Amino acid sequence: MIYSRFTDQDLEQYNIEGFLIKKGFFSAEEVELLYGTSLEDDVLGKHSFDLNDQQGLKTKLALWFTPGEDVYGAYSTCSRIFRAVEKILGGAPAHFHSKLMQKEPKVGGAWEWHQDYGYWYKNGFLYPQMTSVMVALTKANRENGCLQVLKGSHLLGRIEHGFAGEQVGADQKIIDVCLDRGMELVYVELDPGDTLFFHCNLLHRSDANNSDQARWSLISAYNLATNKPFRVEAPVSSWTPISERPDDALLNTGHKGLDLKADFLEKEKDIGLK
Ligand SMILES: O=C(O)CCC(=O)C(=O)O
Numbered sequence: 004m005i006y007s008r009f010t011d012q013d014l015e016q017y018n019i020e021g022f023l024i025k026k027g028f029f030s031a032e033e034v035e036l037l038y039g040t041s042l043e044d045d046v047l048g049k050h051s052f053d054l055n056d057q058q059g060l061k062t063k064l065a066l067w068f069t070p071g072e073d074v075y076g077a078y079s080t081c082s083r084i085f086r087a088v089e090k091i092l093g094g095a096p097a098h099f100h101s102k103l104m105q106k107e108p109k110v111g112g113a114w115e116w117h118q119d120y121g122y123w124y125k126n127g128f129l130y131p132q133m134t135s136v137m138v139a140l141t142k143a144n145r146e147n148g149c150l151q152v153l154k155g156s157h158l159l160g161r162i163e164h165g166f167a168g169e170q171v172g173a174d175q176k177i178i179d180v181c182l183d184r185g186m187e188l189v190y191v192e193l194d195p196g197d198t199l200f201f202h203c204n205l206l207h208r209s210d211a212n213n214s215d216q217a218r219w220s221l222i223s224a225y226n227l228a229t230n231k232p233f234r235v236e237a238p239v240s241s242w243t244p245i246s247e248r249p250d251d252a253l254l255n256t257g258h259k260g261l262d263l264k265a266d267f268l269e270k271e272k273d274i275g276l277k
């Protein structure tokens with residue numbers, strides 16, 4: 004099979020806009036493996052927790068640190084992703100974490116404007132040499148609360164963040180100025196298998212899911228391997244240099260979910276929220 008690649012032109016656009024969408028980066032068969040496995044994955048289900056937005060609506064997520072020998076690990080280290088992330092970061096990547104976002108119909112909550120590096124900085128990463136990759140497992144559109152980004156906002160550098168409900172939110176005054184000055188707000192509408200790469204300083208948010216369609220996605224975060232966090236107390240900060248696995252690793256791994264011993268983030272213990 005011929006797999007798509009993240010090109011030099013893609014990198015140029017990513018550097019200007021702070022994000023890039025690769026349509027159909029994963030095939031329907033691969034998405035079925037990721038989505039089908041996650042729907043049935045008891046280990047994931049057991050470690051999923053709710054984060055409340057300011058209205059008390061809940062976004063369910065499960066987050067783990069070390070990529071395993073399962074279908075998600077095959078995804079997050081496969082050549083397509085590895086090479087793209089290596090190109091973006093300019094060197095060997097390390098995996099920070101992966102998470103399964105489960106924005107359920109009618110109850111899935113909103114995410115406030117934030118930069119990922121607004122709080123990752125507090126995990127001890129000195130440089131914003133970090134990026135995220137989101138693959139859509141279901142359709143993502145305005146109705147079910149797709150991601151929204153402010154194009155080019157990664158060039159602002161890191162801005163101040165405070166708490167917004169159980170989430171971390173960027174200083175609203177800065178967002179208002181960005182919008183007043185015409186910074187473009189883009190709704191990232193995706194089909195299953197479409198993949199978004201976005202810079203850790205890109206401002207992003209999403210609305211609650213008021214539709215009757217779930218919006219599920221898998222987001223993996225990476226950093227340049229030399230950007231090792233100085234707060235290493237596990238598992239809140241994590242740094243796992245990765246090796247490239249073949250693109251067909253996903254298809255070859257099949258419906259294999261996370262190991263019982265996977266190192267999950269725990270809401271109460273690791274982020275102090277009940
Ligand atoms: O997927 C979403 O709706 C928001 C996700 C997000 O903002 C994040 O993971 O930082």
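If you want our numbering, it's the 1-based position in the sequence shown plus 3.
For glycine and all other residues, C-beta sits at the position ideal for the given N, C-alpha and C.
Just so we're clear, the structure is a prediction, and the values are computed from it rather than from any experiment.
- The nearest non-hydrogen atom of ligand 1 is 6 angstroms or more from the C-beta of Asp56.
- The beta carbon of Leu37 sits closer than 8 angstroms to the beta carbons of Phe29, Val74, Tyr75, Tyr78, Val138, Leu140, Leu221 and Leu253 from its chain, once the five residues preceding and following it are set aside; these are given in chain order.
- Rounded to whole angstroms, the gap between the alpha carbons of Arg234 and Gly127 is 5 angstroms.
- Ligand 1 approaches Leu150 closely enough that one of its heavy atoms is under 6 angstroms from the residue's Cβ.
- Selection Leu206, Trp114 and Leu261 evaluated against Gly21 yields Leu206 as nearest (Cα-Cα).
- Within 6 angstroms of the C-beta of Ser209 there is at least one heavy atom belonging to ligand 1.
- In the DSSP assignment, Thr243 is bridged to His98.
- Judged by beta-carbon spacing, Ser209 lies beyond the 7 angstroms limit of Ser101, meaning their Cβ atoms are not closer than that value.
- For the 7 angstroms CB-CB criterion, Ala97 and Ala228 form a contact.
- Here Lys25 is buried. Its C-beta has 16 or more other C-beta atoms within 10 Å.
- Around the beta carbon of Ile5, fewer than 16 other beta carbons lie within 10 angstroms, which makes this residue exposed.
- When the beta-carbon positions are compared, Thr40 and Gly260 come within less than 7 angstroms of each other.
- Annotation for Arg145: Tyr190, Glu192 and Asp210 place their beta carbon closer than 8 angstroms to its own, counting only its chain and skipping 5 residues before and after.
- In the structure shown, Tyr6 adopts coil according to DSSP, grouped into three states.
- Under a 10 Å Cβ-count criterion, Leu188 is classified as exposed, with fewer than 16 other Cβ atoms of the shown protein chains found around its own Cβ.
- Under the 10 Å beta carbon count, Tyr130 is surrounded by fewer than 16 other beta carbons and is classified as exposed.
- In this structure, the straight-line span from the alpha carbon of His50 to that of Gln175 is close to 32 angstroms.
- Sequence-distant partners of Trp219 (beyond 5 residues in either direction) whose C-beta falls short of 6 angstroms from its own C-beta, in its chain, are Gln105, Leu140 and Thr141.
- Judged by DSSP secondary structure, Ala87 falls within the alpha helix (DSSP H) whose first and last residues are Ser82 to Leu92.
- Burial check for Val180: the Cβ neighbour count within 10 Å stays below 16, so the residue is exposed.
- For Asn204, the closest C-alpha among the options Asp215, Lys264 and Gln132 is that of Gln132.
- Taken atom to atom, the span from the alpha-carbon of Gly93 to that of Asp11 is near 12 angstroms.
- When the Cα atoms are used, Tyr225 and Phe99 turn out to be separated by approximately 5 angstroms.
- According to the DSSP assignment, Gln151 belongs to the beta strand (DSSP E) that extends over Leu150 to Leu153.
- Taking a contact as a CB-CB distance under 8 angstroms, the pair Gly257 and Ala31 does not count as one, their CB atoms being some 15 angstroms apart.
- Set against 6 angstroms, the gap from the CB of Trp114 to the closest heavy atom of ligand 1 is smaller.
- The beta carbons of Lys61 and Gly112 sit closer together than 7 angstroms.
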